[in-house]
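J.: Before anything else, here's the structure in question.
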Amino acid sequence: MKKKEKNTFFLDGDEVRKIWGKNLGHSLKGRRLNATYIFKLCEILDKQKINVVCCIVSIFPDLQRKAKKTYKNFFLTYLKAPINVLRKSRDKKKIYRNFFLKKIKNVVGIDIPFPKPHKPNLTINSYGKNSPEKIKNKICKKLKI
585 MKKKEKNTFF
595 LDGDEVRKIW
605 GKNLGHSLKG
615 RRLNATYIFK
625 LCEILDKQKI
635 NVVCCIVSIF
645 PDLQRKAKKT
655 YKNFFLTYLK
665 APINVLRKSR
675 DKKKIYRNFF
685 LKKIKNVVGI
695 DIPFPKPHKP
705 NLTINSYGKN
715 SPEKIKNKIC
725 KKLKI
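This is the structure:
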């Protein structure tokens with residue numbers, strides 16, 4: 585994408601969280617504050633005509649609606665994966681494991697509800713035969729890049 589769209593900035597939710605520090609935590613309140621910070625950062629970049637690819641777990645429908653109204657070319661992609669797939673094959677940070685060992689709480693999809701995105705521009709099953717490369721190609725095709 586960056587080859588075709590030079591003014592593109594990739595924003596990873598985990599990386600951004602590191603910038604703010606550990607003060608936010610993962611409670612619903614902390615997650616909302618983090619999502620608000622990310623929203624504002626994306627808004628600053630959007631105003632400078634920078635394309636932002638923001639990779640986050642978005643659990644606040646009101647912020648999704650606000651983003652659709654705020655950003656010039658907002659495009660929401662919903663990468664679907666059942667919780668059992670996340671637990672068994674995508675738990676690199678051991679979040680689900682630690683939750684079920686009662687070491688942590690505030691896990692989206694377990695004790696924090698995950699509301700499905702409202703009217704995403706694209707929905708992709710991100711498990712099974714859909715490799716990351718295939719997913720990227722589907723997104724780029726839909727965006728015509």
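When we follow our numbering, the leftmost residue of the sequence shown carries the number 585, and every step to the right adds one.
By construction, the Cβ of each residue, glycine as well, lies at the ideal position given by its N, Cα and C atoms.
1. State the DSSP-derived secondary structure class of residue 667, mapped to helix, strand or coil.
2. Cα separation between residue 660 and residue 682?
3. Let me check one thing: in DSSP terms, what residues is residue 709 bridge-paired to?
4. Can the beta-carbon of residue 595 be found closer than 8 Å to that of residue 641?
5. Excluding the 5 residues flanking residue 601 on each side, which residues of the same chain have their C-beta closer than 8 Å to its C-beta?
6. From which residue to which residue does the beta strand (DSSP E) around residue 658 run?
7. Taking the DSSP output, what are the residues bridged to residue 593?
8. Please go through the same chain and pick out, in chain order, the residues whose beta-carbon is closer than 8 Å to the beta-carbon of residue 626, but skip the five residues on each side of it.
9. Along the chain, where does the alpha helix (DSSP H) containing residue 609 start, and where does it finish?
10. Here's the rule I'm using: 16 or more other beta-carbon atoms within 10 Å means buried, otherwise exposed. How should residue 615 be labelled?
T.: The structure says:
1. Looking at residue 667 - three-state DSSP - the assignment turns out to be helix.
2. So the two alpha carbons sit approximately 30 Å from each other.
3. Per DSSP, the beta bridge partners of residue 709 are 664.
4. No.
5. Excluding positions up to five away in sequence, the list reads 608, 618.
6. Residue 658 -> no beta strand (DSSP E), and no H or E assigned at all.
7. DSSP, once it has assigned bridges, lists 636 as partnering residue 593.
8. Excluding sequence neighbours, residue 626 sits near 595, 636, 638, 651, 655.
9. Neither: residue 609 is in no alpha helix (DSSP H) and is coded neither H nor E.
10. Classified as buried, residue 615 has 16 or more neighbouring CB atoms from the shown chains inside 10 Å of its CB.
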